[in-house]
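In our numbering, the protein residues as written are 434 to 707.
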């Protein structure tokens, strides 16, 4: 059997990832499936590849230049994430010969699905009846047996592409689903349908809450978050989170709201996809 890692996390956790793989008895890594080029998913790639010299990476063909020269990726990460990017640490360059463009994948049993939306270069992977969606299906975790599902829609967010990507994933067989953040579930179709409905709900709520004010100021974003927490049943588990987790979630919810506001700003005559 092949040893495969799906996303590697940020640079500051690369050592911990390698230690965990060693603890699990993993002596080699054959492939890394990279869902997208945000530094919390790919930042530790160079360190992992240094430790596993036979490993190769299947990634979006348009992301290769950002991996071989991550300077632009790092600059953009600092602009969007600020201190969080500093905590993650800068990504190091990856050798071109270790990278396989997703269009050249010939691995048996692997289906690579282009799922833009969260990021323009986002991929999902179905491998041996297991679906790895990165953030194309949002962020999902279970807290005290209560499910929590939140859109991951940071600027620059592509709403129409995101919905079409969810539809692509719904078009393939129902199978267990694994999220980059943080958990998994038995039915991809159940959660992806819920997520599609959630995207429509967020679009309506944020558009009504902004009432044409598309400057994205902090007070406006905060009011949107409060309204979403009141009206979206998929966020009810927020109440059960510890204060640190709530603080983190509010930060990423703010980024998600800003993604929607940016979409409205760019598409002032948009129509709701039904």
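Ideal placement from N, C-alpha and C gives every residue a C-beta, glycine not left out.
The model shown is predicted, which means the values in this text are computed figures rather than measured ones.
Residue 572 is bridged by DSSP to 583.
The alpha helix (DSSP H) runs of length 4 or more contained entirely in the stretch 467-502 are, from start to end of the chain, 472-475, 478-484 and 497-501. Cα atoms of residue 558 and residue 607: separation of roughly 13 Å, rounded to the nearest angstrom. Judged by DSSP in its simplified three-state form, residue 666 adopts helix. Residue range 556-560 is occupied by the beta strand (DSSP E) that includes residue 557, with no alpha helix (DSSP H) assigned at that position. It is roughly 12 Å from the alpha-carbon of residue 495 to the alpha-carbon of residue 552. DSSP, read as helix, strand or coil, puts residue 612 in coil. Close CB contacts of residue 461 within its chain, under the 7 Å cut and outside five residues either way in sequence, are with 436, 485 and 487 (chain order). Taking a cut-off of 8 Å for Cβ pairs, the stretch 648-663 and the stretch 682-701 touch, as three or more such pairs fall below it. Here the stretch 519-536 makes no contact with the stretch 586-602; the two share fewer than three CB pairs at distances below 8 Å. Between the alpha carbons of residue 489 and residue 565 lies a gap of roughly 18 Å.
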